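When the letters of the sequence shown are read in order and numbered with this note's numbering, they come out as residues 16 to 438. Each residue gets a CB set at the ideal place from its N, CA and C atoms; glycine is no exception. Just so we're clear, the structure is a prediction, and the values are computed from it rather than from any experiment. Let me begin by presenting the structure, written as structure tokens, before commenting on it.
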Amino acid sequence: DSGWSSPAAVEAEAAAAISCSGHGRAYLDSVIFDGNPTCECNTCYAGKDCSLLLSNCAADANSGDPLFLEPYWRRNAAGSAVLVAGWHRMSYEANGDNYISLELERHLRLLHYAVGNAITRDHFIVFGAGSTQLVNAAVHALSPDDVNFNESSTALVVATAPFYRLYKQQTKFFDSRENLWDGDTSNLDNLNASSGANFIEFVTSPNNPDGKLKQSVIGGSSVIYDHAYYWPHYTAIANPADEDIMLFTVSKISGHAGSRFGWALVKDRKVYKKMVQYLLLNTFGVSRDTQLRILKLLKVILAEVGREGDIFKFSYETLNKRWAKLSNVISSSSRFSLQKLSPLYCTYFHKIRDPSPAYAWVKCERLEETDCEAVLREAGIISRAGEAFEAESRYTRLSLIKTKDDFDQLLSKIESLVSNERV
Ligand SMILES: C=C(NCc1c(COP(=O)(O)O)cnc(C)c1O)C(=O)O
């Protein structure tokens, strides 16, 4: 049929048909060569069709780039594609002054209900360009207002090591007089709030880098729970989280880090309004094109919950297998060790489930090997050093959520490293 949308569909199918030997992909907006989008290859693969495996190439386990989910979306190509008309939502305006799609909000609440990982009924919702944008929006909203500002009311922002360093980097970078980065809670001499200090505490649960479930150390209402990984992919769902402020991101649910979409569930109306104001002044809200796309992806996820095509089943099985393979190799090593994670009962799968963390938190056990990132780099493995999480350099982080090629290259390098221990 010659509907107006056919040319767009033909274009998309043509790009999707470019195989890149299964070690890459061509996007509609990849660089064009000879009239076709060129392949963008996985680590250590090169050539016009990504068929060339480079020798002496380092395995890159640095970033939490969630491409392990790409095969899931290829299998759900028809259900997850969305065609954006040239006149789609051109206006600045979108649903009054909070710039969010009501349909998308409804589907997010349905998702939390289906998974059982968060209570949403008495929470407002704020969208952000990734939860990265919501991190500072939340710190701003919990900081004292400018109007009745005085030095002593400056909010002190803290987290407990090892922690995801963005919280510190952003607070320092934005350098507001209303809040100040105050470091690791274990360094605070007087934790109880009666000390008069106005703390804002970040709690990441499950934690990045070690995958452990965490609770607030300071307590009180100014706690920002970053639940980026509180999904069945990475952890057992123990019960629905019901905190004052909770951050989530599609980056770690559907794997669409490139779409830059996160959301916050916020109980307090004043905090919610300050976060919406932040988004207004910062970007006038999240791209409406992105909101449309995320809605389409959520419809696939929700339609498959509890069925054979369940994304949570796919992701748990994938990551559990990767964790089991890596743990098996490391268990025969006296040089390296991994974080300890126990099987836990999961209310989503209705069973006790094994660990499937997004990251391996590797410790170098030899006394003289105090720089673990350097030890692995020497062996051709790129990891993220312990200092990046305000932890000792005896630790380093390996990402387990990248492509199958990435994980296979990582595992092969780790196997060689451990087998050389015995020679
Ligand atoms: C990509 C990585 N982290 C993303 C991340 C983010 C960022 O999510 P975005 O929604 O993609 O901006 C937020 N919170 C935590 C705890 C995270 O780990 C990483 O650690 O390599």
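Per DSSP, what are the beta-bridge partners of residue i in this structure?
| i | result |
| --- | --- |
| N8 | Residue coverage of the chain in this structure runs from 16 to 438, which leaves residue 8 outside it and unanswerable. |
| A400 | T411 |
| V218 | Y240 |
| G39 | C56 |
| Y374 | S414 |
| F48 | N51 |
| N213 | A170 |
| D199 | A174 |
| C379 | F351 |
| A27 | None, per the DSSP bridge assignment. |
| A256 | A133 |
Could you give the distance in angstroms between the alpha-carbon of residue i and the alpha-carbon of residue j?
| i | j | result |
| --- | --- | --- |
| P370 | Y331 | 9 Å |
| S146 | H271 | 12 Å |
| A76 | R89 | 23 Å |
| F263 | N91 | 23 Å |
| Y128 | C72 | 44 Å |
| D241 | W19 | 43 Å |
| G226 | G101 | 42 Å |
| N113 | M261 | 18 Å |
| V218 | K355 | 19 Å |
| A208 | A170 | In this prediction, A208 scores a pLDDT of 49, lower than 50, which makes its location untrustworthy; the coordinate-derived value is nonetheless stated afterwards. Roughly 12 Å between the two C-alpha positions. |
| V141 | S106 | 19 Å |
| S15 | A152 | Look at the range of the chain in this structure, 16 to 438, and you will see that residue 15 is not part of it. |
| A96 | G234 | 43 Å |
| R284 | Y363 | 30 Å |
| L312 | V46 | 26 Å |
| A29 | E319 | 27 Å |
| G277 | V286 | 17 Å |
| N194 | V433 | 46 Å |
| D64 | W338 | 30 Å |
| L295 | R192 | 21 Å |
| D204 | Q230 | 19 Å |
| N223 | F178 | 6 Å |
| L125 | D257 | 16 Å |
| S357 | L228 | 11 Å |
| P247 | M290 | 28 Å |
| G94 | R322 | 15 Å |
| I115 | D259 | 20 Å |
| C387 | V377 | 8 Å |
| L68 | C56 | 10 Å |
| W196 | S167 | 14 Å |
| N165 | I239 | 23 Å |
| R368 | S342 | 16 Å |
| A243 | F188 | 22 Å |
My guess is that residue i and residue j are in contact by the Cβ rule of under 8 Å, so how many angstroms apart are they, rounded?
| i | j | result |
| --- | --- | --- |
| L317 | A251 | About 21 Å; that fails the 8 Å criterion. |
| V344 | A144 | V344 to A144, Cβ: 38 Å. No contact. |
| S269 | Y245 | About 15 Å separates the two Cβ atoms, so there is no contact after all. |
| I473 | V265 | This structure does not reach residue 473, given that the chain is present from 16 up to 438, and the question cannot be answered. |
| Y249 | A156 | Rounded, the Cβ-Cβ distance is 27 Å, inconsistent with contact. |
| S348 | E430 | Between E430 and S348 the Cβ distance is about 10 Å, and since that is not below 8 Å, they are no contact. |
| V130 | Y182 | About 25 Å separates the two Cβ atoms, so there is no contact after all. |
| E85 | T418 | 7 Å |
| L98 | A24 | 7 Å |
| R275 | T305 | 7 Å |
Checking 7 Å against the spacing of the C-beta atoms, do residue i and residue j come in under that value?
| i | j | result |
| --- | --- | --- |
| T200 | V232 | yes |
| I215 | V172 | yes |
| S414 | G79 | yes |
| V390 | E384 | yes |
| A373 | I416 | yes |
| C59 | G39 | no |
| S408 | E380 | no |
| R399 | R412 | yes |
| K336 | L426 | no |
| L117 | N110 | yes |
| K428 | A394 | yes |
| F299 | Y87 | no |
| Q424 | A74 | yes |
| T333 | F48 | no |
| P255 | A174 | no |
| A176 | E405 | yes |
| R104 | R303 | yes |
Examine chain D for any beta-carbon lying closer than 7 Å to the beta-carbon of residue i, and answer yes or no.
| i | result |
| --- | --- |
| A339 | Of the protein chains in this structure there is only one, and it is not chain D. |
Quick one: complete alpha helix (DSSP H) runs, 4+ long, within the region 341-367? none
Ignoring anything shorter than 3 residues, give me the beta strand (DSSP E) runs that lie fully in the region 263-339, in order along the chain. 277-281
Counting only runs that start and end within the region 62-94, where is the alpha helix (DSSP H) found for 4 or more residues in a row? 85-90
Secondary structure, alpha helix (DSSP H): runs of 4+ residues fully inside the region 104-172: 117-130 and 145-157
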